[in-house]
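Participant: I'd like to ask you about the structure that follows.
So this is what it looks like as structure tokens:
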């Protein structure tokens with residue numbers, strides 16, 4: 038184990054269109070085509086909400102407006118010494134900027150129904166993909182006011 042444990046804090050977005058399809062990202066990770074929510078690392082100097090808006094835009098071109106926290110997920114990579122702490126948000130994906138270049142490794146955004154997503158389970162980047170959507174479908178919704186950002190001198 039590393040002498041200094043440093044979990045990777047990430048954010049993920051869940052958006053559903055008017056046909057009940059979920060916004061996902063098709064990407065290449067370690068040479069493998071995967072499906073994931075728009076997701077990524079929390080960067081210094083930003084709030085968790087700013088991070089999920091940024092990551093969704095960078096990976097899909099969609100403007101994302103978070104409305105709820107779905108859950109906080111702890112996942113340990115089965116083959117690497119990596120621990121992730123994911124904050125998953127649900128909200129609206131509004132307009133898409135088709136001219137915006139997407140992050141390196143991103144093939145593009147997809148809208149998949151729950152059945153289509155389940156049929157492609159072997160492509161999920163991790164079990165967090167299905168768990169976040171299952172929790173959303175079960176009605177898990179927590180107010181964004183749960184998150185507090187304190188000034189350094191507080």
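Numbering (the numbering used here), first residue to last: 38 to 191. Think of the CB as a built atom: it goes at the ideal place given N, C-alpha and C, for glycine as much as any other residue.
Quick one: any contact between the segment 114-131 and the segment 39-54, if contact means 3 or more CB pairs under 8 Å?
Facilitator: Contact holds: three or more Cβ-Cβ distances are below 8 Å.
Participant: Using 8 Å as the threshold, is the C-beta distance between residue 110 and residue 169 below it?
Facilitator: Against the chain shown, residue 110 aligns to sequence position 73. Against the chain shown, residue 169 aligns to sequence position 132. Contact flag set, yes.
Participant: Grouping DSSP H, G and I as helix and E and B as strand, with all else coil, what is residue 130?
Facilitator: Against the chain shown, residue 130 aligns to sequence position 93. Correct three-state label for residue 130: strand.
Participant: What does the alpha-carbon distance come out to for the pair residue 62 and residue 187?
Facilitator: Taking the chain shown and counting its residues from 1, one reaches residue 62 at position 25. Taking the chain shown and counting its residues from 1, one reaches residue 187 at position 150. The straight-line gap from Cα to Cα measures roughly 32 Å.
Participant: Please report how far the alpha carbon of residue 132 lies from the alpha carbon of residue 167, in whole angstroms.
Facilitator: Along the chain shown, read from residue 1 onward, the residue named residue 132 stands at position 95. Along the chain shown, read from residue 1 onward, the residue named residue 167 stands at position 130. About 25 Å.
Participant: Are the segment 48-57 and the segment 137-147 touching, with three or more C-beta to C-beta distances below 8 Å?
Facilitator: No, because fewer than three Cβ pairs between the segment 48-57 and the segment 137-147 fall closer than 8 Å, the two stretches do not touch.
Participant: Mind checking who residue 143 pairs with in its DSSP beta bridge?
Facilitator: In the chain shown, counting from the first residue as 1, residue 143 sits at position 106. BP columns for residue 143 point to 64.
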